[in-house]
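Enquirer: Structure below; questions to follow.
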Amino acid sequence: MHLETFAHGHSPLHRLDPRAKLAAAIGYSLLVALGHDWAMLWAALGVSLAAVLTARLRPWEVLKRLLAVNTFMAMLWVLLPWQVVEAPAWPGLGLALNTHGVELALVITLKGNALALALMALVATSPINQVFHALAHWRTPQKLLQIFFFFYRYLHVLHREYHRLDWGMRVRGFVPGSNWHTYRTYAHLLGMLLVRSYDRAERVYQAMLCRGFHGTYWVLDHFAWQRRDGIFCGLWAGVLLLLLLLGRAGL
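If you want my numbering, it's the 1-based position in the sequence shown plus 22.
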């Protein structure tokens, strides 16, 4: 399980200060999430695509992540465009096409894809430890920072432990199917995963205490704000302003 696929590269976005990219991502996310104008949303999708191209991300990896996002969007397209009416377009189903539902599904799809692409280009291009480092510089509450950090860290632990248990079951001849034996086996797998994860967490916590941990995420070095970071922030602020004006004009 590798969650830093885009973190290492040589594009202009990879060389930026993570604090600048996080600020840009937060501002952009708020603007897109609150926007409703069609022209602004399509323009935002174009901005996100341009950011991905600037970051020089591998197309196949980008498409895989977009597939995961749009799998959820497909469920919205199945549910939102239809409504139950007394005089349906399809009498056998009792359904009629709801144009407002179609528009809502399209708005959510545009926003979801624009934000997913932007986060890949702006946040995923920094290693996770640098992202937490930037959050620490922003005086993020220590408790919240630790929750984020350990959640990320133990995703890998849970993933490895799951594959170890799953491989052990398959070596013993387990073949999953739609039967009670399969359901019971996966229930046992989940229970063992929780028990082993808890045991691993206790041992790691004791090791941290032995090394002097007392609830503080220490920042050992500091980022150096450079001219290119200021230029990027200025350009990105201009992009946000143009999107905002475009949305206002559409109203």
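For each residue, glycine too, the CB sits at the ideal point set by N, CA and C. Everything numeric in this text was worked out from a predicted model, so none of it was measured.
1. Which of helix, strand or coil does DSSP assign to Trp104?
2. Quick one: give me the first and last residue of the alpha helix (DSSP H) that His155 is part of.
3. Per DSSP, what kind of secondary structure is Trp240 in: helix, strand or coil?
4. Counting along the chain, where does the alpha helix (DSSP H) carrying Leu137 start and finish?
5. Compute the Euclidean distance between the alpha carbons of Thr93 and Trp99, then round it to the nearest angstrom.
6. Can you tell me whether Tyr190 is buried or exposed, with buried defined as 16 or more other CB within 10 angstroms of its CB?
7. Answer yes if the region 210-219 comes into contact with the region 261-268, meaning at least three C-beta pairs across the two stretches below 8 Å, and no otherwise.
8. If you compare alpha carbons, which of Val84, His155, Leu126 and Thr147 is closest to Trp60?
9. Using 7 Å as the threshold, is the C-beta distance between Ala42 and Asp221 below it?
10. Compute the Euclidean distance between the alpha carbons of Arg78 and Ser200, then round it to the nearest angstrom.
11. Contact between the region 133-146 and the region 65-80 is defined here as three or more beta-carbon pairs at a separation below 8 Å; is this criterion met?
12. Classify Pro163 as helix, strand or coil using the three-state DSSP reduction.
13. Please say whether Ser148 and Pro40 have beta carbons closer to each other than 7 Å?
Expert: This is what the structure holds:
1. Working through the sequence shown from its first residue, we reach residue 104 at position 82. Trp104 falls in the strand class under three-state DSSP.
2. Position 133 of the sequence shown, counted from the start, is the residue given in the question as residue 155. Element bounds for His155: Ile150 to His159.
3. Counted from its first residue, the sequence shown places residue 240 at position 218. Three-state result, Trp240: coil.
4. Taking the sequence shown and counting its residues from 1, one reaches residue 137 at position 115. Thr121 to Leu144 is the span of the alpha helix (DSSP H), which, as asked, contains Leu137.
5. Taking the first residue of the sequence shown as position 1, residue 93 is located at position 71. Taking the first residue of the sequence shown as position 1, residue 99 is located at position 77. Their Cα atoms are separated by approximately 10 Å.
6. Taking the sequence shown and counting its residues from 1, one reaches residue 190 at position 168. Going by the sequence as given, residue 190 is Gly instead of Tyr. The residue in question, Gly190, is exposed, as its Cβ has fewer than 16 Cβ neighbours within 10 Å.
7. no
8. Position 38 of the sequence shown, counted from the first residue, corresponds to residue 60. Per the Cα distances, Leu126.
9. As a position in the sequence shown, residue 42 is number 20, starting the count at 1. As a position in the sequence shown, residue 221 is number 199, starting the count at 1. No, the Cβ-Cβ distance between Ala42 and Asp221 is not below 7 Å.
10. Along the sequence shown, read from residue 1 onward, the residue named residue 78 stands at position 56. Along the sequence shown, read from residue 1 onward, the residue named residue 200 stands at position 178. Distance between the alpha carbons of Arg78 and Ser200 is about 43 Å.
11. yes
12. One-based indexing of the sequence shown puts residue 163 at position 141. DSSP places Pro163 in coil when its eight states are reduced to three.
13. Residue mapping note: residue 40 aligns to position 18 of the sequence shown, counting from 1. Residue mapping note: residue 148 aligns to position 126 of the sequence shown, counting from 1. It is a contact, given that the beta carbons lie within the stated cut-off.
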